[in-house]
Amino acid sequence: MPERDLVSWTGLLQINCQYGNVEFVKQVFDSMPERDTVSWNIMGAAQSQRRSYTQSIQLLRTMTMEGADVSQRSVLSVLAASNDVGLLEQARHLFLLMAGDHGIAPAMEHFCSVVCLLGRAGRVEMAQELLDTMPFIPDSVAWAALFAAHRIHSSSFLGH
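Using the UniProt record's numbering, read the sequence shown as starting at 1 and increasing by one per residue.
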């Protein structure tokens with residue numbers, strides 16, 4: 001490819017992220033002459049695959065400092081990394097700051113990620129409360145996360 005533009009750089013990121021080549025994605029991302037929200041989100045997804053909350057949150061901070069638009073997908077990648085390593089308080093903090101700091105209304109996926117994290121942490125009642133109060137009708141993913149938490153932690157409150 002004689003000359004790369006933002007689209008070709010982003011395509012290179014995406015294909016390598018899909019194949020799990022996280023180190024290569026990082027190298028390409030670091031050498032990009034310009035980045036957009038899509039390229040930042042692909043890098044965030046790569047960090048999430050690596051299950052690195054620290055790197056994911058740092059990427060989000062850097063993204064903000066460089067003036068890139070933080071999107072729902074950006075936050076979801078950090079929540080996914082938090083979920084994988086069990087960082088409940090950090091994920092809750094980010095979830096609560098989405099609207100205030102970034103002007104992003106949480107989507108169903110954000111709520112499901114927090115429900116899953118609460119369930120894994122044994123806070124099944126809080127997960128149930130979040131499901132009951134979220135501005136969406138819970139889908140099968142949300143219910144599956146809650147039922148899995150119930151099964152693991154043997155909560156007797158479920159089904160009220």
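Where a beta carbon is used, it is the ideal one built from N, C-alpha and C, also for glycine.
Please report the residue range of the alpha helix (DSSP H) in which residue i lies.
i: residue 120; result: 108–120
i: residue 5; result: Residue 5 -> no alpha helix (DSSP H), and no H or E assigned at all.
i: residue 87; result: It is not in any alpha helix (DSSP H) - residue 87 carries neither H nor E in the DSSP assignment.
i: residue 148; result: 140–153
Give the straight-line distance between the Cα atoms of residue i and residue j, rounded to the nearest whole angstrom.
i: residue 59; j: residue 44; result: 7 Å
i: residue 34; j: residue 62; result: 14 Å
i: residue 146; j: residue 5; result: 44 Å
i: residue 28; j: residue 16; result: 10 Å
i: residue 115; j: residue 131; result: 7 Å
i: residue 160; j: residue 139; result: At residue 160 the pLDDT is 47, less than 50, meaning the model places this residue with poor confidence; the figure from the coordinates comes in the next sentence. Each residue's Cα considered, the two are about 18 Å apart.
i: residue 19; j: residue 135; result: 35 Å
i: residue 21; j: residue 14; result: 10 Å
i: residue 37; j: residue 101; result: 17 Å
i: residue 96; j: residue 3; result: 42 Å
i: residue 50; j: residue 56; result: 9 Å
i: residue 92; j: residue 151; result: 23 Å
Helix, strand or coil for residue i? Go by DSSP, reduced to three states.
i: residue 53; result: helix
i: residue 70; result: coil
i: residue 32; result: coil
i: residue 123; result: coil
i: residue 77; result: helix
i: residue 136; result: coil
i: residue 11; result: helix
i: residue 16; result: helix
i: residue 103; result: coil
i: residue 41; result: helix
i: residue 83; result: helix
Residues in its own chain within less than 7 Å of residue i by CB, not counting five upstream and five downstream?
i: residue 80; result: 48, 113
i: residue 74; result: 40, 41, 44, 60, 63
Quick one: what's got a C-beta closer than 8 Å to residue i's C-beta in the same chain, skipping five residues either side?
i: residue 26; result: 43, 46
Give every residue of the same chain whose Cβ lies closer than 6 Å to the Cβ of residue i, excluding the five residues on either side of it in the sequence, and list them in chain order.
i: residue 118; result: 126, 127
i: residue 111; result: 134
i: residue 53; result: 81, 82, 85, 87
i: residue 10; result: 38, 39
i: residue 72; result: 104, 107
For chain D, check one thing: does any of its Cβ atoms lie closer than 7 Å to the Cβ of residue i?
i: residue 61; result: The structure shown contains no chain D; it is built from a single protein chain.
With respect to 6 Å, is the separation between the Cβ of residue i and the closest non-hydrogen atom of the ligand ZN below this value?
i: residue 43; result: Looking for the ligand ZN in the displayed structure turns up nothing, as the structure carries no ligands at all.
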